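Trainee: Take this structure, written in structure tokens, and hold onto it; I'll ask about it next.
6 protein chains.
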Amino acid sequence: MSIVVRQVERADPAVVAGLGECGVATVHEAQGRIGLLASSMRPIYSGERLAASAVTVSLPPCDNWMIHVAIEQLAAGDILVVAPTAPSDAGYFGELLAVSARARGGAGLVIEAGVRDVRELTEMGFPVWSKAVSAQGTVKETLGSVNVPLVCAGALVLPGDVIVADDDGVCVVRRAEAAEVLEKARARVAAEETKRARLAAGELGLDLYGMRDKLAAKGLRYV
Amino acid sequence: MSIVVRQVERADPAVVAGLGECGVATVHEAQGRIGLLASSMRPIYSGERLAASAVTVSLPPCDNWMIHVAIEQLAAGDILVVAPTAPSDAGYFGELLAVSARARGGAGLVIEAGVRDVRELTEMGFPVWSKAVSAQGTVKETLGSVNVPLVCAGALVLPGDVIVADDDGVCVVRRAEAAEVLEKARARVAAEETKRARLAAGELGLDLYGMRDKLAAKGLRYV
Amino acid sequence: MSIVVRQVERADPAVVAGLGECGVATVHEAQGRIGLLASSMRPIYSGERLAASAVTVSLPPCDNWMIHVAIEQLAAGDILVVAPTAPSDAGYFGELLAVSARARGGAGLVIEAGVRDVRELTEMGFPVWSKAVSAQGTVKETLGSVNVPLVCAGALVLPGDVIVADDDGVCVVRRAEAAEVLEKARARVAAEETKRARLAAGELGLDLYGMRDKLAAKGLRYV
Amino acid sequence: MSIVVRQVERADPAVVAGLGECGVATVHEAQGRIGLLASSMRPIYSGERLAASAVTVSLPPCDNWMIHVAIEQLAAGDILVVAPTAPSDAGYFGELLAVSARARGGAGLVIEAGVRDVRELTEMGFPVWSKAVSAQGTVKETLGSVNVPLVCAGALVLPGDVIVADDDGVCVVRRAEAAEVLEKARARVAAEETKRARLAAGELGLDLYGMRDKLAAKGLRYV
Amino acid sequence: MSIVVRQVERADPAVVAGLGECGVATVHEAQGRIGLLASSMRPIYSGERLAASAVTVSLPPCDNWMIHVAIEQLAAGDILVVAPTAPSDAGYFGELLAVSARARGGAGLVIEAGVRDVRELTEMGFPVWSKAVSAQGTVKETLGSVNVPLVCAGALVLPGDVIVADDDGVCVVRRAEAAEVLEKARARVAAEETKRARLAAGELGLDLYGMRDKLAAKGLRYV
Amino acid sequence: MSIVVRQVERADPAVVAGLGECGVATVHEAQGRIGLLASSMRPIYSGERLAASAVTVSLPPCDNWMIHVAIEQLAAGDILVVAPTAPSDAGYFGELLAVSARARGGAGLVIEAGVRDVRELTEMGFPVWSKAVSAQGTVKETLGSVNVPLVCAGALVLPGDVIVADDDGVCVVRRAEAAEVLEKARARVAAEETKRARLAAGELGLDLYGMRDKLAAKGLRYV
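Going line by line, the protein sequences match chains H, S, X, Z, B and R.
Residue 12 in my numbering is what sits at position 12 of the first sequence, and the numbering runs on without skipping anything.
When you read off a place in the second sequence, starting at 1, and then add 1000, the result is the number in my numbering.
When you read off a place in the third sequence, starting at 1, and then add 2000, the result is the number in my numbering.
When you read off a place in the fourth sequence, starting at 1, and then add 3000, the result is the number in my numbering.
When you read off a place in the fifth sequence, starting at 1, and then add 4000, the result is the number in my numbering.
When you read off a place in the sixth sequence, starting at 1, and then add 5000, the result is the number in my numbering.
Here is the structure:
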């Protein structure tokens, strides 16, 4: 039952890049508030914002063997999305794996578990979103699968889906919907531009969004 | 039962500013070790230290409508203190609300829930203390109240109370006691100045605080 | 039952320093994947990496009296390792204790509880690994012990053991094994140097570590 | 600042008893969905349902001295509501305190901390809602206060407020509002009686509550 | 985007019943250690063991409207599987909904959130697996979907999948694989029968499973 | 480095039995408030109270092989004390292992991880204290050690130490100190007998323990 799927369709690189510019909160809104990974998934350092195509890795708890297998499947601009089949906070990934992943075009890592060598990863500028930091090592004894559908931090991720990640967390966009979501996300960004200017000038959201009547109708009283 | 209280007394701005200079740990000690919010309340970025008058916002879980209402009630130097009526980690507040709050004089946000647009908030230098970061959006369906007493992260906060916040967390000081607490806090700061110099010179706390006899009386043995 | 042990053997300072250069993940691997403290122990600021000899402090919950006692027992290059006898997140340690510890040669703090004055500690460059940040004060009423064996964050620490700590967490090395662990750690560092170069050049771990046959034997299928 | 307030007004015993019959979920709804303590407050054994007047106890973390003080203030049918001033899971309360509380008329305990002697408390039928079970002992060194307002598990409790507790958790009702809340709660109970019968007969909530049009108007599609 | 799928294929009732007899641990093993929901999902009372076909309910946080909609879609022997689109511990389900669900053939509830009326549900013998108990009410404002694929407590559940649940937790079996998994599960049960007898007679697993040589080969030493 | 120590000294069975009668809270107090395991260690069913000699098992995360090895080392009245070398909630132990352990004289299990087959273990009356219940299986790939010192749930346990466990949790008593601790525990039980009678008769702890003067001296005021 352990397989490696070699052929994975990716989204158009321009669409992927565009989603990365929009960021997690906007993309999440644009696709109807779905696809967020659990908020326990945090960046190991601040300031990164990217989108990339998912190479998924389902592996046994406390065993990182399949990450080595997965690195061979990376194409330029891909991101590893790793989920153990049972909860674990061990450190599955460190500097050497990051060096290898980068050499093969890997753009980063999303892992529902722990990582180590955080200082080195930060110096390399290799972005990681994880639920833990831990130096605890793992073994290489049991197989898992690469490029199969999996649940990572509460979200279903399919191989080739677009992963958007920044300081707000991680969001997954279905490959087939990426272009449409990008369009909606860009529309949101554009609309926010105008709102930002008006709000910055002191106009209230109550007026900008026309909320006063609705609030009154619901029974809000000012005293 | 949903109300907005327009008239809220604030503490003397000089007192508020003074408390901000003292910081959370000192103010908390000065008022008898009360008023701390739960330590799960963390700044979204490091290095801020401020005090401000609370505009409180009680709102339903996963609904941020009342934050728009509350922004109108901000006076210069106020801070929003937001608590949902049921536990929630969603992202109630982001960049546009921060732009609007700042335009109306808002100094920051304390929220027992999540926020998003962390990168943008950090770039703006808009300080937030929250228990989570999450891109998860909220709705605008149900009313809450503004400037009513509420419990935020385990502490009772009244409208107009002084909120002191820094990298150590968040502390609330009753408006009527703010001047007295400031006096005691400043006395602590002054006393610490002398102690710091003596400790830095190598004098031991055991001697500086005269602890040796008391330790011996309690039965401490050196072996 | 409350004692202070004055005489504690330390490891060779050159060995201690060498372990600090290797870092937590490498040292942890070198000693056979033992000795890690729980991953809930996090640095209060990023970028520190050190090794130091443990002065252990067992104290009652919410009572920091014994830290004052322990500071007198510090030798240059020692680190305080503090564990309450019942779980607690209060703030046992702040700037004044850090000033005093530093004046007596203390290199830092590991505490399975909370600390405060995080801004000041960061400015001082006084490294702390803790499980919480909290301004909550503690009392000085009940005795504990200094330089006795204790369990800190799930790991047994003996006085004089070597503590290695960095952004990945905290690891303890038995004093008597420190030289041998250092030797193994340096061997790992050297071996990693070669691997890093080959991986950076695009060679796969699958080939570098000769994994392909073993994976096939376990039944991995490529589809 | 440590005080014991001797005179506390209680609600009418018949009202208190009536609220106990309604249970937590109903009372919570009847008073507009306010007053619930955090869901981390769980009964130490199942099947109890009661209401009682609160004797509040604010005490330092890991110190149960004030519970002895509070027991003297119990009137028949009162319940102790205990909250440490800093988070703690130690065991503040056990069999002997329960024997004493019961001898003075105490009906039970709500504590945002731990208890011990769970087997004995269960055999006695002394109901406790706590956030932990722990054998960890506490000290008797520092004062607190009895019958002062406090925040327990996120809810503000005033001395004399009515505490309703069962397997669903704990809810507080303001003393002055208790009669009105009881009236509303009983109305809910009566209304539920009819609904229960109709639902049990197979009628759908969609029809009973007339939801179909509203769902269609919101855009729900059946496929 | 809010839909109710009316037609859902279920597994053969005899297969479903058979899986229920095997229990969660056996079924989970039989299907290759996949399909477990997170261990935070616990029964509200002990001793239930069942299998049932999933009617899935994806709903907004703190809004239980769609459960009313879902009850109409229940067939005899179905179980509701409910997951909010953002984390929440509120009480989405209580006695009246259980009465209604049972009247329509519902066998129980799995919900990645909270429930209330635990005493009444226990008296009814209506089994629930949830991650929380909370009296906190929810609203009926926003749509969700019924009988769509969803992630519940970390596991992907499709409408019509078989849910197996007991005191060990909850496991999902794909509808199409249910018969094959049952066959394997029954084989395990049969094999365990023999092992149980031999182990009960004092034979060691080391001998029964022939582990001694393998342990020695791995280097285990007896001292 | 993986060893099985065959020869372990146990405490006098009469002493062990005596400690079991005293229970966790009393024993913990009698030995000076040390030795408690973390309060996350809970019984899988209520009402058990026992003491037994520890056979310790240190094993890799998600691998239960060494439990089979340990069962051979059980003597009548021993209890397995199991701790993985990295945090894990998987289900390491179920009915068949319990049958085997019991056949070899095993009295129960303490495990800082998960167990499964809870219904069967409860029916057998095989007591378990664990930090989780999970059906998640483990592998048999990597060695650990039996009867070595280990840290379990924050407490150091040596082979042959006495484990006392009941509904309040788990406490470890050093083998060499067991007789002395029992003596102190029995003294406490006897002393409590008198106190219980006086408290049940309505005497206050304030008077029984002579606390009034000390409270007044500390400044407690009655208002």
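The beta-carbon is built from N, C-alpha and C at its ideal position, and this holds for glycine as well.
Because the structure is a prediction, the values reported are computed rather than measured.
Chain R beta carbons: is any one of them nearer than 7 Å to that of S4040 of chain B?
Mentor: Chain R contact via Cβ: absent.
Trainee: Anything in chain Z within Cβ reach of L1156 of chain S, meaning under 9 Å, just list it in chain order.
Mentor: The answer, in chain order, is P3149, L3150, V3151, L3156.
Trainee: Chain R beta carbons: is any one of them nearer than 7 Å to that of G2219 of chain X?
Mentor: Not an interface residue.
Trainee: Using the beta-carbon count (16 or more within 10 Å), is M1 of chain H buried or exposed?
Mentor: Flag for M1 of chain H reads exposed.
Trainee: If you draw a straight line from the alpha carbon of L1109 of chain S to that of F1093 of chain S, how long is it in whole angstroms?
Mentor: Their Cα atoms are separated by approximately 9 Å.
Trainee: What does S4145 of chain B reach in chain S if we use C-beta pairs closer than 9 Å?
Mentor: Going along chain S, no residue has its Cβ under 9 Å from S4145 of chain B, so there is no contact; the nearest lies around 16 Å.
Trainee: Taking only beta-carbon atoms, is E4029 of chain B less than 7 Å away from chain R?
Mentor: So, interface residue.
Trainee: My guess is that S53 of chain H and V162 of chain H are in contact by the Cβ rule of under 8 Å, so how many angstroms apart are they, rounded?
Mentor: Yes, S53 of chain H and V162 of chain H are in contact; Cβ-Cβ is about 6 Å, under 8 Å.
Trainee: Could you check the C-alpha separation between R2212 of chain X and G2219 of chain X for me, to the nearest Å?
Mentor: Looking at the two C-alpha atoms, the distance is approximately 11 Å.
Trainee: If you pair each beta-carbon of the segment 1168-1182 of chain S with each one of the segment 2131-2139 of chain X, do three or more pairs fall below 8 Å?
Mentor: With a cut-off of 8 Å, the segment 2131-2139 of chain X and the segment 1168-1182 of chain S count as touching, because enough Cβ pairs lie within range.
Trainee: Using a Cβ-Cβ cutoff of 8 Å, what residues of the segment 3084-3097 of chain Z are near chain S? List them in chain order.
Mentor: Flagged, chain order: T3085, A3086, P3087.
Trainee: Taking the alpha helix (DSSP H) that K131 of chain H belongs to, which residues open and close that run?
Mentor: Taken as a continuous stretch (DSSP letters only), K131 of chain H belongs to no alpha helix (DSSP H), being part of the beta strand (DSSP E) at 128-133.
Trainee: For G2077 of chain X, which of helix, strand or coil comes out of DSSP?
Mentor: Coil.
Trainee: Give a yes or no on contact between the segment 3074-3082 of chain Z and the segment 3094-3107 of chain Z, applying the rule of three or more CB pairs nearer than 8 Å.
Mentor: Judged by Cβ distances under 8 Å, the segment 3074-3082 of chain Z makes contact with the segment 3094-3107 of chain Z, as three or more pairs qualify.
Trainee: If we define contact as Cβ-Cβ less than 7 Å, is G32 of chain H a contact residue for chain B?
Mentor: So, interface residue.
Trainee: What do you reckon, is the C-beta of V4162 of chain B under 6 Å from a heavy atom of the ligand NAP?
Mentor: With respect to small molecules bound, the structure shown includes none, and the ligand NAP cannot be examined in it.
Trainee: Ignoring anything shorter than 4 residues, give me the alpha helix (DSSP H) runs that lie fully in the segment 5024-5090 of chain R, in order along the chain.
Mentor: For the segment 5024-5090 of chain R, whole alpha helix (DSSP H) runs of length 4 or above, ordered along the chain, are 5024-5030, 5065-5071.
Trainee: For L3145 of chain Z, write down the residues that DSSP places opposite it in a beta bridge.
Mentor: One point to set straight first is that residue 3145 of chain Z is Ser, not Leu, in the sequence displayed. Answer is Z:S3058, bridged to S3145 of chain Z.
Trainee: Can you give me, in chain order, the residues of the segment 4038-4063 of chain B that have a beta carbon less than 8 Å from any beta carbon in chain R?
Mentor: Within the segment 4038-4063 of chain B, the residues whose Cβ lies closer than 8 Å to some Cβ of chain R are S4039, R4042, S4046, G4047, R4049, listed in chain order.
Trainee: Taking the alpha-carbon positions, what's the L3951 of chain B to C4152 of chain B distance?
Mentor: Residue numbering for chain B in the displayed model covers 4001 to 4223; residue 3951 of chain B lies beyond these limits and cannot be assessed.
Trainee: Using C-beta distances below 8 Å, list every residue in its chain close to L5215 of chain R, excluding the 5 sequence neighbours before and after it, in chain order.
Mentor: Counting only Cβ-Cβ distances below 8 Å, and skipping sequence neighbours, we find L5206.
Trainee: In terms of residue numbering, what span does the alpha helix (DSSP H) encompassing A4228 of chain B cover?
Mentor: No answer is possible for residue 4228 of chain B: it lies beyond the span of chain B, which begins at 4001 and ends at 4223.
Trainee: Can you give me the C-alpha to C-alpha distance between L1059 of chain S and G1160 of chain S, rounded to a whole angstrom?
Mentor: Looking at the two C-alpha atoms, the distance is approximately 18 Å.
Trainee: Counting beta carbon pairs with one atom in the segment 3063-3072 of chain Z and one in the segment 3033-3046 of chain Z, are three or more of them shorter than 8 Å?
Mentor: Counting Cβ pairs under 8 Å, fewer than three are found: no touch.
Trainee: According to DSSP, what are the bridge partners of C4171 of chain B?
Mentor: According to DSSP, which records beta bridges pairwise, C4171 of chain B is partnered with B:L4036, B:V4164.
Trainee: Hey, would you say L208 of chain H sits closer than 7 Å to R198 of chain H, going by beta carbons?
Mentor: Yes, Cβ-Cβ distance for L208 of chain H and R198 of chain H is below 7 Å.
Trainee: The segment 2122-2145 of chain X: which residues have C-beta closer than 7 Å to a C-beta of chain Z, in chain order?
Mentor: Cβ contacts with chain Z come from Q2136, V2139, E2141, T2142.
Trainee: Establish whether the CB of R5116 of chain R and some CB of chain B are separated by less than 7 Å.
Mentor: At least one chain B Cβ lies under 7 Å of R5116 of chain R.
Trainee: What do you reckon, are the CB atoms on A51 of chain H and V16 of chain H nearer than 7 Å?
Mentor: For A51 of chain H and V16 of chain H, yes; Cβs fall inside 7 Å.
Trainee: In chain R, which residues lie less than 9 Å from A4201 of chain B when you measure between Cβ atoms?
Mentor: Residues of chain R passing the Cβ test: A5103.
Trainee: Counting only Cβ pairs nearer than 9 Å, list the residues of chain S close to M3211 of chain Z.
Mentor: None at all; the shortest Cβ gap to chain S is about 16 Å.
Trainee: Pull up the distance between the alpha-carbon of G210 of chain H and that of G4114 of chain B, whole angstroms please.
Mentor: Rounded to whole angstroms, G210 of chain H to G4114 of chain B spans 35 Å at the Cα level.
Trainee: Near R1049 of chain S, what residues of its chain come up, given a Cβ to Cβ distance below 7 Å and the 5 sequence neighbours on each side ignored?
Mentor: Hits under 7 Å: G1020, G1023, D1166.
Trainee: In chain B, what lies closer than 7 Å to V3082 of chain Z by C-beta?
Mentor: Those within 7 Å of V3082 of chain Z in chain B number zero; the least Cβ separation is about 21 Å.
Trainee: Short of 6 Å in beta carbon distance, which residues of its chain neighbour T122 of chain H, apart from the five on each side in sequence? Order them along the chain.
Mentor: Y45, listed in sequence order.
Trainee: By the criterion of Cβ-Cβ separation under 7 Å, what are the contact partners of M4001 of chain B in chain H?
Mentor: Simply G32.
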